[in-house]
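Basically the numbering used here = 1-based index in the sequence shown + 38.
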Amino acid sequence: MSENLTVLSAREALQEIESLIQSEAFTQALERLQSLGHPELEPAEMVRLHHFHGVALARLGRSLEAAGRFRKSLEAAEGCQDQIGQARATEELGAVHHQERRLTEAQNYYERALRLWGRLEDREGEARNYRNLGNLFADFNDQARASVAYEKSRALYMEIGQPDEIAASVIHAASLRYQSEGLDAAVQEYARGLDQDGCRHHLVTNNYGFLLMLQGQLDRALEVLQQARTDMDTRKAAEEDLALVHLNLGLVHAMRAELEPAEQHLRQSTELLEKHPEARAVEILLLVNDRWQTQGFKPHLMVDNGQKRALAHLNLAAVLTRAGRIEEAHEHLRIGQELERSAAYPFLAAGWIHLTGGDEKAATEAFRRAHSMAPDNEEARQALDLVNPYLTMKVGRNDPCPCGSGKKFKKCHGT
Numbered sequence: 039m040s041e042n043l044t045v046l047s048a049r050e051a052l053q054e055i056e057s058l059i060q061s062e063a064f065t066q067a068l069e070r071l072q073s074l075g076h077p078e079l080e081p082a083e084m085v086r087l088h089h090f091h092g093v094a095l096a097r098l099g100r101s102l103e104a105a106g107r108f109r110k111s112l113e114a115a116e117g118c119q120d121q122i123g124q125a126r127a128t129e130e131l132g133a134v135h136h137q138e139r140r141l142t143e144a145q146n147y148y149e150r151a152l153r154l155w156g157r158l159e160d161r162e163g164e165a166r167n168y169r170n171l172g173n174l175f176a177d178f179n180d181q182a183r184a185s186v187a188y189e190k191s192r193a194l195y196m197e198i199g200q201p202d203e204i205a206a207s208v209i210h211a212a213s214l215r216y217q218s219e220g221l222d223a224a225v226q227e228y229a230r231g232l233d234q235d236g237c238r239h240h241l242v243t244n245n246y247g248f249l250l251m252l253q254g255q256l257d258r259a260l261e262v263l264q265q266a267r268t269d270m271d272t273r274k275a276a277e278e279d280l281a282l283v284h285l286n287l288g289l290v291h292a293m294r295a296e297l298e299p300a301e302q303h304l305r306q307s308t309e310l311l312e313k314h315p316e317a318r319a320v321e322i323l324l325l326v327n328d329r330w331q332t333q334g335f336k337p338h339l340m341v342d343n344g345q346k347r348a349l350a351h352l353n354l355a356a357v358l359t360r361a362g363r364i365e366e367a368h369e370h371l372r373i374g375q376e377l378e379r380s381a382a383y384p385f386l387a388a389g390w391i392h393l394t395g396g397d398e399k400a401a402t403e404a405f406r407r408a409h410s411m412a413p414d415n416e417e418a419r420q421a422l423d424l425v426n427p428y429l430t431m432k433v434g435r436n437d438p439c440p441c442g443s444g445k446k447f448k449k450c451h452g453t
């Protein structure tokens, strides 16, 4: 558009841009903003124009440019005494500085935004900025202040009745307690969210069920995860979230030795995750080492930042192995390994599946690769020691094999 844009057409363009922002079409919104030129608008509308421009830039990762636009929005809002515009721009400036890890500046902006929303008696704005401050204090490793901020945010969201935001507050508080106090404290926080706050959101119940699995409370974990699945039927849950709930339901059924429902849920998870190949999470990996657990081997492994799709296939392979369907298990094992080539955990899973199937040579190679990729991983070292205790020893390839065979190590257990 030209600089001679009429006030009416500029206002219509602003409405169009706002709609694009709300639908998260940030690239299109930015293109539309850039096409406007220098429209003649009322001061309050200029506040919105600069704000939308800042939001589009920020969401596209252009933080420095976004900060400039938010400052213009703030200046315009101050000029026309638009208190909502001031609060909104100040909050966004806090977010931009937070993203850039300029934490002191971010704190100043968040606290100023909190005061502005407070003067407006906007409880949602206050709740949001208490949560922002909680996230900021957590980044400062100031867990005491983070906890206080999260609690204030949670109380305000309870007051105004926003279930999605209550769920986010519960998750933030539980994550903080997990980091500072451990698993049991996080479980208590989720229990409080369900029992005291009445929060049945699937993100809360999925996380709660997952932690209950880690505690070994399998009956309660199954009950809570089924609540998560039910909640998803009552709201438009993201497909990736649904896949994770199916993955966890498959795991809890497998831990309860209920192989048929475990397989069903894990298959659903693999199918849903086809569209989300890069999705990652902290998750459980089943290890088919039932016969060796009396020797101290753990039945599962916690995987940090694991690829969900790979884990769904690997866990399905474990369930199929336990069901005696080795050929099918190997197909899903192959997919899981191909999806996560640079990590050790698929090889650890493969080693136990091969060993259960009687292929000690393949098991040794898989455990060796897992150990070489993660030499500090105790589970991988112990598994390799089980099948070949000499490979983790510091033995030269031309030295005599420690087994006493008289052969060189490279011709014996070092092969």
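For glycine and all other residues, C-beta sits at the position ideal for the given N, C-alpha and C.
Because the structure is a prediction, the values reported are computed rather than measured.
Span of the beta strand (DSSP E) around residue i
i: L324; result: 318 to 324
i: D3; result: The structure shown does not extend to residue 3, since the chain is modelled only from 39 to 453, so the question has no answer here.
Inter-residue Cα distance where the pair is residue i and residue j
i: V186; j: I209; result: 15 Å
i: A165; j: Y148; result: 11 Å
i: L311; j: K346; result: 7 Å
i: I198; j: L158; result: 15 Å
i: R183; j: E365; result: 54 Å
i: G231; j: K190; result: 14 Å
i: S47; j: A125; result: 27 Å
i: I391; j: R407; result: 15 Å
i: D120; j: H284; result: 48 Å
i: M251; j: H76; result: 58 Å
i: L58; j: V326; result: 50 Å
i: M39; j: L74; result: Low confidence applies here, because M39 scores a pLDDT of 39, under 50, leaving its location unreliable and the question unanswered by this model.
i: H89; j: P201; result: 27 Å
i: E41; j: E62; result: A caution first: E41 carries a pLDDT of 44, below 50, which makes its placement in the model unreliable, though a value can still be read off. Cα to Cα, the separation comes out at about 27 Å.
i: E403; j: E162; result: 57 Å
Expected contact under 8 Å - CB spacing of residue i and residue j to nearest Å
i: L98; j: T65; result: 7 Å
i: C237; j: A212; result: Their Cβ separation, rounded to whole angstroms, is 11 Å, which puts C237 and A212 out of contact at 8 Å.
i: H370; j: A381; result: That pair is no contact at about 16 Å.
i: L141; j: L174; result: 6 Å
i: R243; j: D269; result: A small fix is needed here, since residue 243 is Thr in this sequence, not Arg. So it is a contact: roughly 7 Å between Cβ atoms.
Span of the alpha helix (DSSP H), counted from its first residue to its last, around residue i
i: S307; result: 297 to 310
i: W390; result: 383 to 394
i: H368; result: 364 to 377
i: W155; result: 141 to 157
i: S73; result: 64 to 73
i: H240; result: 240 to 253
i: P110; result: Here residue 110 is Lys; the residue named in the question, Pro, does not match the sequence. Taken as a continuous stretch (DSSP letters only), the alpha helix (DSSP H) holding K110 covers 101 to 117.
i: L171; result: 161 to 177
i: N286; result: 277 to 293
i: D222; result: 221 to 233
i: R273; result: Note, R273: premise wrong, no alpha helix (DSSP H); not H, not E.
i: F90; result: 81 to 97
i: T332; result: Note, T332: premise wrong, no alpha helix (DSSP H); not H, not E.
i: S410; result: 398 to 411
For residue i, the nearest candidate out of the options (CA to CA)
i: H91; options: L71, P77, S101; result: L71
i: Y228; options: D235, Q145, Y246, L349; result: Y246
i: T308; options: I364, N327, E277, V85; result: E277
i: A300; options: Q333, A319, E54, A350; result: A350
i: A295; options: F178, R140, A51, L358; result: L358
i: A224; options: L249, R107, T243, K274; result: L249
i: L221; options: W155, Q253, N146; result: Q253
i: Q145; options: M411, D423, N167; result: N167
i: R109; options: C118, I122, V85; result: V85
i: A348; options: L377, A176, K336, M340; result: L377
i: E113; options: V134, T128, L102; result: T128
i: G344; options: Y188, D177, P384; result: P384
i: S410; options: K399, A400, L422; result: L422
i: E103; options: L131, P81, L79; result: L131
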